[in-house]
Amino acid sequence: MSERLFVLSQHVMPKLALTRFAGCVAGWKGGSLTTALIRRFIARYNVDMSEAQNSDPASYASFNDFFTRALKPGVRPLADARQVCPVDGAVSQLGAIDNGRIFQAKGRDYSATALLAGDAELAARFADGHFATIYLSPRDYHRIHMPCAGRLLEMTYVPGELYSVNPATARGVDRLFARNERVVCLFEDEQGQPFVMVLVGATIVGSMATVWHGVVNPPRRPALEKWDYRSQDIRLAKGEEMGRFLLGSTVVLLYPAGPLRFNPQWQPASPVRLGEKMAD
1 MSERLFVLSQ
11 HVMPKLALTR
21 FAGCVAGWKG
31 GSLTTALIRR
41 FIARYNVDMS
51 EAQNSDPASY
61 ASFNDFFTRA
71 LKPGVRPLAD
81 ARQVCPVDGA
91 VSQLGAIDNG
101 RIFQAKGRDY
111 SATALLAGDA
121 ELAARFADGH
131 FATIYLSPRD
141 YHRIHMPCAG
151 RLLEMTYVPG
161 ELYSVNPATA
171 RGVDRLFARN
181 ERVVCLFEDE
191 QGQPFVMVLV
201 GATIVGSMAT
211 VWHGVVNPPR
221 RPALEKWDYR
231 SQDIRLAKGE
241 EMGRFLLGST
251 VVLLYPAGPL
261 RFNPQWQPAS
271 PVRLGEKMAD
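Number 218 in the UniProt record's numbering belongs to position 218 of the sequence shown; there are no gaps in the numbering.
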């Protein structure tokens with residue numbers, strides 16, 4: 001299928017119904033049938049099970065258990081850097097936020113305000129800051145970790161579309177990451193500076209979860225919902241797990257203006273791994 005036809009098909013396909021069906025299949029404990037599905041997935045996407053804490057496909061009760069599998073201790077050491085990569089995946093885009101606009105792909109951008117569910121006051125704190133967008137493919141490890149130590153301030157669930165978030169869709173759908181369903185997590189670092197991690201939903205992403213809340217969706221709420229955690233003093237260390245995707249998606253990170261310098265080896269489409277240097 002051509003890239004253009006693939007993108008056009010997404011405008012008409014029943015994305016929510018497909019996502020609900022995928023969620024049911026992924027959570028099903030089907031014994032040998034589940035094991036067969038997992039083995040087929042490993043072969044299709046060349047998943048490296050040697051890094052998994054549990055490398056036996058037959059030991060996972062459901063596809064979700066396999067998909068959110070833990071890694072062996074020590075296989076993702078943390079770099080000595082101000083910011084480390086929070087996931088395994090590939091760089092979609094990164095760079096400066098230009099007067100509140102975030103670059104998506106050639107000829108396409110979107111506003112930080114739209115990404116942050118219309119919160120113009122919060123978006124203004126990142127208006128001339130920095131962003132990184134990282135895409136997780138089906139073969140990747142799908143737990144999300146902290147790029148630096150941080151204190152959780154608030155979380156917002158934002159209802160939206162369920163387009164695919166792969167590179168072809170990013171090139172073909174306007175404002176993709178600001179129109180898809182997402183979970184916006186606002187933190188402050190040890191210097192009191194804010195940063196945002198946005199977990200973006202997509203077609204067949206059954207749910208997104210955080211370590212402090214559990215599964216955020218489903219239910220797929222019809223309206224925005226916000227949780228304030230300032231009084232709870234929830235603190236997470238650099239490299240500590242903060243959430244996970246049940247089926248793959250994208251993470252967008254926002255930082256305020258300042259002397260942040262991204263790893264010069266990071267370029268669009270570059271593969272990246274959890275724990276490696278992201279920025280100083």
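Where a beta carbon is used, it is the ideal one built from N, C-alpha and C, also for glycine.
Nothing here was measured: the structure is a model prediction, and the numbers come from that model.
- For Ala127, the closest of Gly31, Leu136, Thr113 by C-alpha to C-alpha distance is Thr113.
- Collapsing the DSSP output to three states places Ile144 in a strand.
- Residue pairing of Gly95 in beta bridges, as defined by DSSP: Phe131.
- For Glu121, the enclosing alpha helix (DSSP H) has its first and last residue at 120–124.
- Cβ-Cβ separation between Glu51 and Val75: approximately 5 Å, consistent with a contact (criterion under 8 Å).
- Here the alpha carbon of Asp233 sits roughly 41 Å from the alpha carbon of Lys106.
- Between Gln83 and Met242, the C-beta spacing is not below 8 Å.
- Secondary structure note for Tyr110: it is in no alpha helix (DSSP H), and the uninterrupted beta strand (DSSP E) holding it is 108–111.
- Annotated three-state conformation of Cys185 is strand, per DSSP.
- Going by beta carbons, Tyr135 and Ala178 fall outside the 8 Å limit.
- By alpha-carbon distance to Gln93, the top candidate from His130, Ala61, Leu152, Pro77 is His130.
- Proximity to Ala170 across Ala269, Glu276, Ser59 peaks at Ala269, based on C-alpha coordinates.
- Annotated as distal: Pro259 and Gln193, with beta-carbon spacing of 8 Å or more.
- Residue pairing by DSSP places Gln83 opposite Ala279 in a beta bridge.
- The continuous stretches of alpha helix (DSSP H) do not include Asn217, which lies in the beta strand (DSSP E) extending over residues 214–217.
- Ala58 is classed as exposed because its beta carbon has fewer than 16 other beta carbons within 10 Å across all chains shown.
- Straight-line measurement puts the Cα of Cys85 at about 5 Å from the Cα of Gly275.
- The C-beta of Arg143 has 16 or more other C-beta atoms within 10 Å across all chains shown, which makes the residue buried.
- Per DSSP, reduced to three states, the secondary structure at Ile102 is strand.
- Taking C-beta separations shorter than 7 Å and ignoring five residues to either side along the sequence, the partners of Asn46 in its chain run Arg139, following chain order.
- Here Gln104 is buried: its Cβ has 16 or more other Cβ atoms, across all protein chains shown, within 10 Å.
- A residue is called buried when at least 16 other Cβ atoms come within 10 angstroms of its Cβ; Asn54 does not meet this threshold and is exposed.
- Pairing Pro167 with Thr250, the inter-Cα distance amounts to about 11 Å.
- Taking a 10 Å sphere around the C-beta of Cys24, we find fewer than 16 other C-beta atoms and assign the residue as exposed.
- Under DSSP, Asp228 forms a beta bridge with Glu154.
- Of all alpha-carbon atoms in Leu186, Met197, Tyr141, the one lying nearest the alpha-carbon of Ala132 is that of Met197.
- For Thr169, there is no enclosing beta strand (DSSP E); the enclosing alpha helix (DSSP H) has its first and last residue at 167–172.
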